[in-house]
Structures are given as structure tokens and as C-alpha cells.
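Numbering (the numbering used here), first residue to last: 22 to 242. Every residue, glycine too, gets a C-beta built ideally from N, C-alpha and C.
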């Protein structure tokens, strides 16, 4: 499967056509070792989505390529899986005049946009919502999928813990837990600073606190 990475403003226009061996923020493209395989699309305007692209590269799901797309329509026409990762206010313009097929899978990462809203504009393609976090780059963390779709599960297999939810009400209930990441890192920083203020070398404080939290996290399993 091939992946095209695009910026926040559009789905696939203005790729520069050069070959890259790693994901670069927002402009470049990659493909699998099979040059005839269907293409997929991913935006990289967000750390979690950039991490998703890197994770897919790391598992061999795709590799570098040098075939530029000159329009959104050309990318979608050649794709079997499309990731929608533009910002919600940009969605209407991004998908305007695009033609989707029944055999395509559209995976929406758009916050606040329902499956019904995306399906209305991407019909007759199959639509699901997916919510990764940046840890996917290390093949860790939850990947929320709504609804459970076999093709999506196969795509994300090995990249983290897939969390299937039956409906968007469940998704809305579970996703706010990700806000815990910010205070978690703030707590880590505060603990390190507290130890340093008491005369401990910062490198020792960092090692101790990070190791403590890492061990606690593993114990929670």
C-alpha cells in the first residue's frame, strides 16, 4: 500500500516529486515496494498523524517514492484507503468535487466531525473514525477505532493497542482521557525540578523520576 503525505491545506496537491527515505512534515510521499499497489493518503499537519506516517514506514507498510500527485482528485482516484487529517474548517474545501468509490475506505481523524457528516461528503466509500496518539510512532498507545473495520484493524495491527468502540457516544466518552498526557508530563517535570531544588544533580533527578514513572506504568498493566 502506498501513502501520500500532504499538508493541512489540501489532501494531496503540490507534492514535490523527490525521493525521501523517511517522513518529512507535510509535503512528501512514500510507497510500498510494489509499484502497482493501490495508494493511500495521510495528512501530516499534526504530531499524532506525523507519528502515524512514521509508524507505517517502520513496519514496512510503505517506503519512499518519487511519484508526485498534482491534484486531490488524482490522489483519491488512485487510492484505496484515504486518511482525512485536515482541520475541520478545511474539510469542505479539501473534499469538494472529489469522487469516491464503494471499495474505498475513508479513515477520518477530524475532531468534532461525525461519521455521518464525513460519509455524506465521501459517499459511497466506507467511513470510520480513527484517533491515534503520537506514541504510535513507537508502536505504543491506544488507537481508537469507530466502528471496527477489518481493513483498518489490519492496517494498524502491531502499531499499538486497538480500541474498538461501537458508537460515537463511546468515542466521545473515551477520547478526553488523552488530555491526561499534558498534566502527566507536567507532573514529571515538577517532580524533577523539586528534586533538583534540593541539591540533587539534574541528570540523576531525570533518570530517577523517569525510571520511577516508567516502572509504575508497566506495573499498571
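Contact set for residue i: own chain, Cβ-Cβ below 6 Å, skip 5 residues either direction
i           : result
residue 184 : 163 and 165
residue 139 : 129 and 148
residue 172 : 126
residue 116 : 142
residue 212 : 230
Residue range of the unbroken alpha helix (DSSP H) whose run includes residue i
i           : result
residue 97  : 93-98
residue 210 : 202-217
residue 139 : 136-143
residue 146 : Run containing residue 146: none; DSSP gives neither H nor E here.
residue 172 : 171-177
residue 191 : 189-195
As assigned by DSSP and simplified to three states, the class of residue i
i           : result
residue 237 : helix
residue 154 : coil
residue 128 : strand
residue 184 : strand
residue 163 : strand
residue 230 : helix
residue 225 : helix
Residue i versus the options, residue with shortest Cα-Cα distance
i           : options             : result
residue 114 : 237, 92, 178 and 99 : 92
residue 109 : 136, 118 and 96     : 136
residue 132 : 105, 144 and 118    : 105
residue 179 : 204, 159 and 226    : 159
Whole-number beta carbon distance between residue j and residue i, since they are thought to touch under 8 Å
i           : j           : result
residue 156 : residue 121 : Not really, about 31 Å apart at Cβ, beyond 8 Å.
Element boundaries [beta strand (DSSP E), containing residue i]
i           : result
residue 119 : First-last for residue 119: undefined, no H or E at that position.
Contacts around residue i, its chain only, beta-carbon distance under 7 Å, and the 5 residues preceding and following it disregarded
i          : result
residue 45 : Its pLDDT being 30, under 50, residue 45 is placed unreliably in this model, and the coordinates cannot settle the point.
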